[in-house]
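One structure is given below, encoded as structure tokens.
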Amino acid sequence: MDIKKIRTDSTAVTRRMRDFNLHTGNVYETVSILSKRANQISLEVKEELNKKISEFATSNDNLEEVFENREQIEIARYYERLPKPTLVAVHEFLNDQIYFRNPAKESGKDTSGF
Numbered sequence: 001m002d003i004k005k006i007r008t009d010s011t012a013v014t015r016r017m018r019d020f021n022l023h024t025g026n027v028y029e030t031v032s033i034l035s036k037r038a039n040q041i042s043l044e045v046k047e048e049l050n051k052k053i054s055e056f057a058t059s060n061d062n063l064e065e066v067f068e069n070r071e072q073i074e075i076a077r078y079y080e081r082l083p084k085p086t087l088v089a090v091h092e093f094l095n096d097q098i099y100f101r102n103p104a105k106e107s108g109k110d111t112s113g114f
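For the sequence shown, this note's numbering begins at 1 and goes up steadily by one.
This is how it looks when you write it as structure tokens:
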């Protein structure tokens, strides 16, 4: 999934809790799914940003001399404008674009410990 192609809100929006209960039946399980997906998205974006910035990296041994690279600044601004990974994960979850499973539920075993 390409984060740049997703059109979602760039700010937090109040949501109904029932929308998150529909797929899993448990809000806490849903939050766990969303956090894991947001971490995946964040890592993908970070790797992509590091690749693009490394193209413009120069080896500068002089610590006193600091100059700004306009291309690096533009790339950083572009990535700052992208929606946050959590908002993208919520969008994907509500539009059934996330695959998830719970092995404990599939095997029928109760892992509550009681």
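Glycine included, every Cβ here is placed at the ideal spot set by N, Cα and C.
Determine the DSSP secondary structure at Ile-19, reduced to helix, strand or coil. In the sequence as presented, Ile is not what sits at residue 19; that position holds Asp. In this structure, Asp-19 counts as helix in the three-state DSSP scheme.
9 Å Cβ cutoff met for Gln-72 and Phe-56: The Cβ atoms of Gln-72 and Phe-56 lie closer than 9 Å to each other.
Would you check if the stretch 72 to 87 and the stretch 97 to 110 touch, i.e. whether three or more CB-CB distances between them fall below 8 Å? Cβ pair count under 8 Å is below three, so no.
On the DSSP letters alone, give me the boundaries of the alpha helix (DSSP H) that Ala-76 sits inside. Ala-76 -> alpha helix (DSSP H) spans 70 to 81.
Using three-state DSSP, classify Tyr-28 as helix, strand or coil. Note: Tyr-28 maps to helix in three-state DSSP.
Note down the Cα distance separating Leu-82 from Arg-70, rounded to an integer number of angstroms. CA-to-CA, the gap between Leu-82 and Arg-70 works out to about 19 Å.
Name the two residues that bound the continuous alpha helix (DSSP H) containing Ser-107. Where Ser-107 is concerned, the enclosing alpha helix (DSSP H) stretches over 103 to 107.
How many Å lie between Ser-32 and Asn-50 at the Cα? Distance between the alpha carbons of Ser-32 and Asn-50 is about 27 Å.
In this structure, does DSSP put Lys-84 in helix, strand or coil? DSSP, reduced to helix, strand and coil, places Lys-84 outside both helices and strands of the structure shown, so it counts as coil.
Would Ser-10 and Leu-87 qualify as a contact pair, given that the criterion is a beta-carbon distance under 9 Å? Less than 9 Å divides the Cβ of Ser-10 from the Cβ of Leu-87.
My understanding is that Arg-37 touches Glu-92, with C-beta atoms under 8 Å, so please give their C-beta distance in whole angstroms. The Cβ separation is near 7 Å, so the contact holds.
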